Each structure stands twice: as C-alpha cells, then as structure tokens.
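Notes follow once the structure below has been shown.
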Amino acid sequence: MATKPKLSKERIVEAAIDILDADGEAALTFRALALRLSTGSGAIYWHIDNKRDLLTAATEDVITHAVTVTVGEEDPREAIRAMASGLFDAIDAHPWAGTQLAGEPWQPAVTQIIDGIGRQLRALKVPQDAQFDAVSAVLNYIIGLAAQHAAVAKLLTRETDRSTFLGSIADRWTQLDPAKFPFLHQVSPQLREHDDREQFLAGIDIFLAGVVTAD
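Here the sequence shown is numbered in numbering that gives the first Met the number 0, starting from 0 and rising by one per residue.
Here is the structure:
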C-alpha cells in the first residue's frame, strides 16, 4: 500500500489553488480542503490559521514565478516586460488571484512585484528619487489589470463568452451620438477584436519609453 504524502503547508496551498481555479473563492473552505486532502480540519489549522492567510499564501504561490527575474541575466527593459507578461498570464489563469491582489495591496505577492520591478529600474539607472514613483505607476497598472480581470471573469461566468461580451459593448458604443463620443466610435472596432495580453504589454512599453525619456 502506498504511503500517504505527509500533510504540509505546500500541499494545503496546492489543494487550495485547485479548488479556487475550479470553483472560486466561495468554494474554498477548510472542510472542502479536508475532504480533498483526506485529513481533518484540525490538521489543516496546524499549518494555516485562517482562510485569509490561505488566500494570501495561494496568491503568493501563483505570482512568485513571474517576478523571479535576476538582475543582470537580461536587459532590464526586457526583464520588466517578461515579468509583466508572467504576471498577466498568472492573473489570466487564476482570476481569483486578481481579486486578492486588488483587495490587499501590501500582501507578500505585491511586495515581490514591487521589489522585482524596483531592482530592474535600478539596473536601468533610473534616478533614485524617481524610482518609487515609477514602481508605483507600473504597480497601479498591474493592480488595475488584476481587478479588471477578476470582475470580467465573474461577468463571463454568469453571462457569456468574452467575444460576445466585448461585441455587445462595441455595439453600444457605435449607437452613441458620434458628435458627442467621437473617440468611442473610432475605437469600437478595436475593442471588438483586441487582444488583452498585447494591449497590456503595449501599456508596459509606453511606461518603459517614458522612463527612458525621463532618464
């Protein structure tokens, strides 16, 4: 008979992520974890104090891989872009993590993002007195993405797929008075067809261009 793996914080967090990905935050309970791990709730509490700490640990786990770019291994601009790309993919794959990032801006996962971006800005020789403002700007951009993805994921679950959802918004824009809303009429075809990932990375490129210009 195979030996049952020893219960650990890592196994608990992994199981929590599986539940969150499959059924969302409401489904994550210590009872559900106990059933999945074939253990008792008390054994889980030995490793994790409460649901909030569990969500924090799960968010940190899915975000960590995206911000582990070492200074000197890549061009700092490419390192920031790679980090942003990894963060987008992590949030896209785990929309619940977007809710957590937006809801608790100073949790460990956010701390990793701040330090990861900050190290690359130092490598870019951004003036020291401008580094915190620059990090804050890109962090707010990422947190905004996180909140948006979390909200859209909930809407799509209840209503329809992404293409139909964006198409309905684009249709509404084209029905507005073009004299009052000329820009919305201009970009409505782009809204219908745009790629979220490419648009997000375009924003990162605009940020990096501004940092270089300011420097």
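Each residue gets a CB set at the ideal place from its N, CA and C atoms; glycine is no exception. The structure displayed is predicted, hence computed values, not measured ones.
For this session: Can you have a look at Gln-119 and say buried or exposed, based on whether 16 or more other CB atoms are within 10 angstroms of its CB?
Result: buried
For this session: Since I believe Phe-29 is in contact with Ser-40 (beta carbons under 8 Å), could you give me their beta-carbon distance rounded to a whole number of angstroms?
Result: 5 Å
Exercise. If you draw a straight line from the alpha carbon of Phe-206 to that of Tyr-140, how long is it in whole angstroms?
Worked result: Using only the alpha carbons, I get a separation of about 10 Å.
Exercise. Exposed or buried, Gly-115, counting other C-beta atoms within 10 Å across all chains shown (16 or more means buried)?
Worked result: buried
Exercise. Curious, which full-length alpha helix (DSSP H) runs of at least 4 residues does the segment 67-115 contain?
Worked result: 75-92 and 94-102
For this session: Have a look at Pro-177 and Pro-188 and give me their C-alpha separation to the nearest angstrom.
Result: 14 Å
Exercise. Can we say the segment 41-54 touches the segment 71-90, given the rule of at least three CB pairs closer than 8 Å?
Worked result: no
Exercise. Counting Cβ pairs closer than 8 Å, one from the segment 91-98 and one from the segment 49-61, do we hit at least three?
Worked result: yes
Exercise. Among residues of its own chain, excluding the 5 on either side of Pro-104, which ones have a beta-carbon nearer than 7 Å to its beta-carbon?
Worked result: Ile-142
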